[in-house]
Amino acid sequence: MKVEVRLYATLRKYQPERKSSESGEALVCELAAGTTVQKFLENELGVPPGEVKTVFVNGVSQGFDHVLADGDRVGIFPPVAGG
């Protein structure tokens with residue numbers, strides 16, 4: 000199955016160069032059926048779970064145990080800092 004992924008802010012450093020475009024387009028990933036958000040982050044992108052605060056799938060906030068489906072659009076956000 001294929002999903003579209005966008006990494007935001009400090010998480011962009013985990014975006015594989017070979018799979019992304021320089022124009023900021025979504026990263027398209029081929030995943031096995033039954034892949035959860037957590038498995039995708041760890042196994043496909045190498046993102047430590049502690050660096051991710053919020054995951055949106057098709058515009059809805061989801062947990063790390065959410066199972067991704069073909070055609071999903073995923074947004075991955077770090078914690079927001081500031082003062």
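Residues in the sequence shown are numbered consecutively from 0, following numbering that gives the first Met the number 0. For every residue, glycine included, the Cβ atom is placed at its ideal position computed from N, Cα and C.
| query | result |
| --- | --- |
| Pair within 8 Å by beta-carbon distance, T34 and P77 | no |
| Pair within 8 Å by beta-carbon distance, V73 and V56 | yes |
| Residues near H65 by beta carbon distance below 8 Å, same chain, minus five either side | T35, V36, V54 and V56 |
| Proximity of L67 and L40 at Cβ, strictly below 8 Å | no |
| V46 versus V27: straight-line alpha-carbon distance, rounded | 16 Å |
| C-beta contact flag for I153 and V2 at 8 Å | Residue 153 falls outside the range modelled here, since the chain spans only 0 to 82, and no answer is possible. |
| Minimum C-alpha distance to E43 - residue among Y7, P15, V51 and V59 | P15 |
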